[in-house]
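Peer 1: In the working numbering, the protein residues as written are 4 to 131.
Before I ask anything, here is the structure I am working with.
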Amino acid sequence: MAGGAVARALGPVPARRSGLRARVLRRCVGGSTSVTADLFSLGGRVAVVTGGAGQLGTEIARGLADQGARVAVFDIAAEDGGDEIRTYGVDVTDRAAIERATDEVTKQWDVPHVLVNAAALDSPPDAP
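Rendered as structure tokens:
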């Protein structure tokens, strides 16, 4: 099928796109933030953050929790994070420890939907 035949079969694609854009703009311009809130909501999702006790990992874990995710932090230096952030003392170089912690998270909440690898990414606070 030639390119023109495909375009005829699909119909006026640019018109459909502009109509969709207009509907989305009407929703957004109307002052509703529910479109973006729903788009970025992690409610009911489970996230694992490796290195979640470090500077960057801590902020990522908080951000995920703020969006509704239940967060499991895997870190050697794990500290209690509250109800929505649970910590597990895991050395990410130990495969068996990762598997045990993942099994525990799955039993407590659900299979993880999000994985953020932040282990060993931080510099000490006084680093140049």
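Where a beta carbon is used, it is the ideal one built from N, C-alpha and C, also for glycine.
Beta-carbon within less than 6 Å of Val95's beta-carbon, same chain only, minus the 5 sequence neighbours each way: which residues are those?
Peer 2: Thr53, Ala122
Peer 1: Determine the DSSP secondary structure at Leu118, reduced to helix, strand or coil.
Peer 2: DSSP, read as helix, strand or coil, puts Leu118 in strand.
Peer 1: By a C-beta neighbour count over all protein chains shown, 10 Å radius and 16 as the cutoff for buried, is Arg103 buried or exposed?
Peer 2: When all chains shown are included, Arg103 counts as exposed.
Peer 1: DSSP puts Gly55 in a beta bridge; with which residues?
Peer 2: According to DSSP, which records beta bridges pairwise, Gly55 is partnered with nothing at all.
Peer 1: As a quick exercise: from Gly46, Asp41, Leu42, Val51, pick the residue whose alpha carbon is nearest that of Val117.
Peer 2: Val51
Peer 1: Have a look at the DSSP bridge pairing and note the partners of Gly92.
Peer 2: Asp78
Peer 1: On a Cα-Cα basis, can you pick out the residue from Glu82, Leu59, Gly46 that is closest to Val119?
Peer 2: Leu59
Peer 1: Considering Cα atoms alone, identify which of Ile101, Glu82, Asp86 is closest to Ala138.
Peer 2: What is shown of the chain runs 4 to 131, which leaves residue 138 out entirely.
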